[in-house]
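A.B. asks: I have a structure here, written as structure tokens, and I will follow up with some questions on it.
In our numbering, the protein residues as written are 392 to 536.
Here it is as structure tokens:
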């Protein structure tokens, strides 16, 4: 019984010490990063130490320290438009962001009509929206709301 308790304690300790990277919704697989720029990646980690980041477009390793409040951030250089690429993050447990594109990033805000879906609203449809949506097959365009 004593050895079972010791074993259980060791297993729990091992699980607690493993890292876990937590990313904001904006930093994830299928994102687009601005081309030919220095972009910031950030997040949190459940462990102390550092986060290593490797980008598939250069295979360069970046490293940053996890702060006392469990947050981290790092600036990485992006190439000209292209992809898809992946970004590997590791704080003791590896996390890979897949299907990352490099290109032009546009932020749009400020208009109340921007919240309207392309198909329109229930009693306010957009003319030809169904046809437009069915024919909108551009895998390089991403939308984040």
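We put the CB at the ideal spot given by N, CA and C, even for glycine.
How is the beta strand (DSSP E) around residue 417 delimited, first residue to last?
C.D. replies: No beta strand (DSSP E) holds residue 417; DSSP gives it neither H nor E.
A.B. asks: The beta strand (DSSP E) that contains residue 436, what's its start and end?
C.D. replies: Here the beta strand (DSSP E) through residue 436 covers 429-436.
A.B. asks: Taking the alpha helix (DSSP H) that residue 523 falls in, what are its first and last residues?
C.D. replies: Segment 520-525, the alpha helix (DSSP H) holding residue 523.
A.B. asks: With a cut-off of 8 Å on the beta carbons, I'd call residue 477 and residue 488 a contact; round off their distance for me.
C.D. replies: Residue 477 to residue 488, Cβ: 6 Å. Contact.
A.B. asks: Could you tell me the boundaries of the beta strand (DSSP E) in which residue 487 lies?
C.D. replies: Note, residue 487: beta strand (DSSP E), 485-494.
A.B. asks: Indicate whether the contact test is met: 3 or more Cβ pairs, each with one atom in the segment 443-452 and one in the segment 468-476, closer than 8 Å.
C.D. replies: Counting Cβ pairs under 8 Å, three or more are found: they touch.
A.B. asks: Buried or exposed, going by whether 16 or more other CB atoms sit within 10 Å of the CB of residue 399?
C.D. replies: Confidence in residue 399 is poor, its pLDDT being 47 and thus under 50, which makes the residue's placement unreliable; the coordinate value appears in the next sentence. With fewer than 16 Cβ atoms within 10 Å of its Cβ, residue 399 is classed as exposed.
A.B. asks: So, at 7 Å on beta carbons, what are the nonlocal neighbours of residue 421 in its own chain, with the 5 sequence-adjacent residues on each side left out?
C.D. replies: Excluding residues within five positions, the ones whose Cβ falls inside 7 Å are 490, 533.
A.B. asks: What do you reckon, are the CB atoms on residue 436 and residue 457 nearer than 7 Å?
C.D. replies: The answer is yes: Cβ separation under 7 Å.
A.B. asks: Kindly indicate which three-state DSSP category residue 461 falls into: helix, strand or coil?
C.D. replies: Reduced to three states, the DSSP call for residue 461 is coil.
A.B. asks: Looking only at C-alpha atoms, which of 438, 464, 509 sits nearest to residue 526?
C.D. replies: That would be 509, whose Cα lies nearest to the Cα of residue 526.
A.B. asks: Pop quiz: residue 516 and residue 492 are said to be a contact at Cβ under 8 Å. What is the actual Cβ separation, rounded to whole angstroms?
C.D. replies: Contact flag wrong, Cβ pair sits at about 31 Å.
A.B. asks: Name the residue from 424, 503, 416, 415 whose alpha carbon lies nearest to the alpha carbon of residue 531.
C.D. replies: With distances taken between Cα atoms, residue 531 lies closest to 424.
A.B. asks: Considering Cα atoms alone, identify which of 535, 529, 495, 419 is closest to residue 506.
C.D. replies: For residue 506, the nearest C-alpha among the options comes from 535.
A.B. asks: Can you have a look at residue 413 and say buried or exposed, based on whether 16 or more other CB atoms are within 10 angstroms of its CB?
C.D. replies: When all chains shown are included, residue 413 counts as exposed.
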